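Residue numbers (my numbering), protein chains in the order written: chain A, 601 to 841; chain B, 73 to 436. Let me begin by presenting the structure, written as structure tokens, before commenting on it.
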Amino acid sequence: MTDTKPLLELRNVSTHYGAIQILRGVDVEIRRGEVVCLLGGNASGKTTMLKTILGYVVPTQGDVVLDGRRITGLPTQRLVGLGVSMVPENRRLFKRMTVRENLELGCYLRQDSGEIAKDFERVFTLFPKVKQRLSQRAGTLSGGEQQMVAMARALMARPKLLLMDEPSMGLAPVLVEQNFDIIREVNQQGTTVFVVEQNARMALSIADRGYVLQTGKIVLADTAERLMSNPRMQEAYLGKL
Amino acid sequence: MARTNLVPPGPVVGKRAFQLPIVDGFLWLVRIAAIALILVGATRSIASARLSGQQWRDLVVFGIAQGSVYALVALGYTMVYGVLRFINFAHGEVFMIGAMTGYFVTDGLARTALWEAAPFLSLFIALICCMTVSALVALLLERVAYRPLRGAPRLIPFITAIGASFFLQYTMASLFGTSVKSYPEVEVLTGSFTLLGFRVLRVHLLVIVAALVIMAGLYLYVEKTKAGKAMRAVSEDQETAKLMGINVDRTIARVFGVGGAMAGAAGLLFGLVFQNVFFLSGFLPGIKAFTAAVLGGIGNIPGAAVGGLTLGMVESMGPSLVLVGLGIPAAHQLKDVVAFVTLVLVLIFRPTGILGERVSEDRG
């Protein structure tokens, strides 16, 4: 179901923290309906790339384009209104607030209460556990449940593009698998997904395409299948079979 | 303390283990001494029967009324601390400006027919004016003095707050003079009545009821409205709040506005009770309200209310209850001392405050 017109584009993006350059002329393209993954080791610039898309970091060169519109350097709080949601690393729930309040904050900018009610039902279908926990404080949930709430919260904005930062971090293997199944399902319901992951095998198993980032440069960009069988990938990220 | 047991023995642990017992021992001594003094003082005061039951009840009512004013002001400190981890030391001046506004509005209204004909409507108009003016001053303060310093080291906005405090004091002094301004008499608020054996001054009843209504309104606002949820989200995690589409700067400004409005209301109530105000009137109540916020657990909204009432009661009853029994002369002039000693004791016994569960720095 992929459209050829890109939903999100990074065009020759470079970023600096002070004098230190993090991203070095990165080009990334995410088409409508795709699941795209960004792989790379520690300190390769993965998180910085997400921060650049979200406007936490302003690039020193290049442009970020969403749906044909230049969004470079737009303040973070504007992005969700344009259809970009994020599941942050370590989930970052509002721990002192209830699960319901977390979900309500997910649709903070929306006014369409009828549609919001539908989206509540939709996330309850995806995550039946979340429904049972609605009035509980988010901080009292287990890690796996928190991951579900974080995803549900992001989906409540009804995003066109869902960004995920290390969704497998700190989760038991069985939960990681469950989590990726849900990402696939969300994608099939029409949301484009960009997932940043260290667990390359897992990410490639659900992705259409992947990019590999190394010290701030894209060193590989290909379909997930071909990345999976690429000998360079096997050595560096997948481990020998 | 439990943690030290988990760390394997080594030179670092040895050092801590060596230092802790002395400090701990000293603190325990202070604790025991404090409890002993309070117990001895209280027993002797009560045994001496110097005050009648009626007088004790009067002190309770006065304590609650005074405490309600502290609570309203304390809410502003605690809410700003919640979103910015910063003590707005100019908040006492926002309160004073509310009291000043109250003077000008009531003084003006007292010359009209409305004052006699509809006293409560007049007071309500004054309340709205005080809340509006104080909210605007707080908003201005945030915009001009604090927002440009966001992200600067903590000490810097703190120093700015002290500067802003002086600026506001002396602006008021130069605009309206340094003289003490007297509120007009409010006919309907004079006199008292008896309720369940307590003799209640009418003005105290008004203060208590008004404060309760305003605090209930604030509770609903913070718990139930979208803007209130945004405030709580920002106080927990600003970065993630932005991801939800929350405009953090606007939310912080709103916190200042709401806190200022409550300080303005407190200013009017204070003026109605004590009948006068001048440009330094914000200083002591401001510090007391800050004490109340710490007492209740800074950053905790119900805590500010509880802390305010507690401080009001302690200040009102403490001198007669404890100091008189210890044979201290003119105990009533020491009520400020009692208030601040209470702060020290709370910091020793329960540093997080009465309702405080969270540590100030937990951001992640």
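Using N, Cα and C, we set each Cβ at its ideal position, and we do this for glycine too. Given the structure is predicted, the values throughout are model-derived calculations rather than measurements.
For F167 of chain B, the closest of B:I359, B:A185, B:G300, B:G399 by C-alpha to C-alpha distance is B:I359. G317 of chain B has a beta carbon lying within less than 8 Å of a beta carbon in chain A. By the CB criterion at 8 Å, V636 of chain A and A807 of chain A fall inside the cutoff. F161 of chain B and Q347 of chain B have their C-alpha atoms some 25 Å from each other.
Spanning the alpha carbons of G174 of chain B and G343 of chain B requires a straight line of approximately 7 Å.
By the Cβ neighbour-count rule, P423 of chain B is exposed, with fewer than 16 other Cβ atoms within 10 Å of its own. For K695 of chain A, no beta strand (DSSP E) segment is defined, and its DSSP state is neither H nor E.
By the Cβ-count criterion, L101 of chain B is exposed, with fewer than 16 other Cβ atoms from all chains shown falling within 10 Å of its own Cβ. Q677 of chain A counts as buried, since no fewer than 16 other beta carbons sit within 10 angstroms of its beta carbon. Under a criterion of Cβ atoms nearer than 7 Å, no residue of chain B is adjacent to T823 of chain A; the nearest Cβ is some 30 Å distant. Against chain A, the beta carbon of E214 of chain B has no neighbour under 9 Å; the closest one sits roughly 18 Å away. Chain A places a beta carbon closer than 8 Å to that of E308 of chain B, counting this residue as a contact. Interface residue (Cβ-Cβ distance to chain B less than 8 Å): F694 of chain A is classified as such. Residues of chain B whose Cβ lies closer than 7 Å to the Cβ of E689 of chain A do not exist, since the nearest Cβ in that chain is about 11 Å away. Taking C-beta atoms as the reference points, V394 of chain B and A114 of chain B count as a pair closer than 8 Å. In this structure, T652 of chain A sits near V664 of chain A, with a CB-CB distance shorter than 8 Å. When secondary structure is reduced to three states using DSSP, I783 of chain A falls in the helix class.
DSSP places R304 of chain B in no beta strand (DSSP E) but in the uninterrupted alpha helix (DSSP H) bounded by 298-308. Chain A places a beta carbon closer than 8 Å to that of K298 of chain B, counting this residue as a contact. Comparing alpha carbon positions, the residue from B:M389, B:N319, B:T323 closest to V132 of chain B is B:M389. Linking A282 of chain B to S251 of chain B through their CA atoms gives a straight-line distance of about 28 Å. Listed in chain order, the non-local C-beta contacts of G673 of chain A below 7 Å within the same chain comprise G655, V658, local neighbours out to five positions each way being set aside.
In this structure F328 of chain B is buried. Its beta-carbon is surrounded by 16 or more other beta-carbon atoms within 10 angstroms. For D408 of chain B and R737 of chain A, the gap between their C-alpha atoms comes out near 40 Å. Considered as a whole, the segment 695-768 of chain A harbours 761-765 as its complete beta strand (DSSP E) runs of no fewer than 3 residues, in chain order. Residue environment: L762 of chain A is assigned as buried (16 or more neighbouring CB atoms within 10 Å of its CB, all protein chains considered). Taking a cut-off of 8 Å on C-beta distances, the segment 196-213 of chain B does not touch the segment 364-374 of chain B, as fewer than three cross pairs fall below it.
Close partners of L705 of chain A in chain B (Cβ separation under 7 Å): K301, A305, M316. When Cβ-Cβ separations below 8 Å define contact, M697 of chain A makes contact with chain B.
By a beta-carbon distance limit of 8 Å, G339 of chain B contacts I169 of chain B. Their separation comes to about 7 Å. Per DSSP, reduced to three states, the secondary structure at L195 of chain B is helical. Looking at the DSSP output, F794 of chain A shares a beta bridge with A:V636, A:L763.
For a Cβ distance threshold of 7 Å, nothing in chain A lies close to T382 of chain B: the least Cβ distance comes to about 23 Å.
Straight across, the Cα-Cα distance linking G375 of chain B with L381 of chain B is about 10 Å.
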